[in-house]
Amino acid sequence: MEASTIWWLAAGAVVVAELLTGTFYLLMVALGLVAAALAAHLGLASALQMVSAAIVGGGAVVACYLLRKKRPGDPFARADRSVNMDVGETIHIESWNSDGTTTVKYRGAQWTAIHRPGVTPSTGMHRVAELVGNRLLVDPL
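Each residue of the sequence shown is one higher than the one before, counting from 780 in our numbering.
Have a look at this one:
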């Protein structure tokens, strides 16, 4: 079996592993294996094939990592409006308890609302920022 065939089979196996695990970085490794297969087609020595796989695959992994690190993260599901219909809704708070909680009527039921740590509780209209367990985390408007 030729070296290029082995590299292509390895690239295919890594793509299958990525499909089974969902690890995007395995696709970058597969790119390195494809580079090695192309180097084998060009007739380069096996050492150069391995070096090309390492440089392309490793470089792609590092580039992917740096791009993902620079991108803002996805919001938590409990703070995502498309997942939780309560996020973004407004409620009126009349008073706060000494423990930093309040009880509000929202969607026909009594809910416990809390404020963010370090924020001074205030009365008036608030926006639901996220759900923490069965409590509404609210921000003043």
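Beta carbons: idealized from backbone N, C-alpha and C, even for Gly. As the structure is a computational prediction, the values presented were derived from the model and not from experiment.
Asked                                                                                                                                                    : Found
Measure from the alpha carbon of Glu873 to the alpha carbon of each residue in Gly903, Lys849 and Val795, then state which is nearest.                   : Gly903
So what does DSSP say about Arg850, is it helix, strand or coil?                                                                                         : coil
Could you confirm whether any beta carbon from chain D is found closer than 7 Å to the beta carbon of Ala842?                                            : Within the model displayed, chain D is absent; a lone protein chain is all it includes.
Can you name, in chain order, every residue of its own chain whose Cβ lies under 8 Å from the Cβ of Ala908, other than the five neighbours on each side? : Ala858, Val866, Arg895, Leu916, Val917 and Asp918
Let me check one thing: in DSSP terms, what residues is Ala888 bridge-paired to?                                                                         : Tyr885
Tell me whether Ser901 is buried or exposed, calling it buried when 16 or more other Cβ atoms sit within 10 Å of its Cβ.                                 : exposed
List the residues that DSSP assigns as beta-bridge partners of Arg906.                                                                                   : Thr869 and Asp918
Whole angstroms is fine: what's the gap from Val794's alpha carbon to Gly811's?                                                                          : 12 Å
Across which residues does DSSP place Val911 in a beta bridge pair?                                                                                      : Arg914
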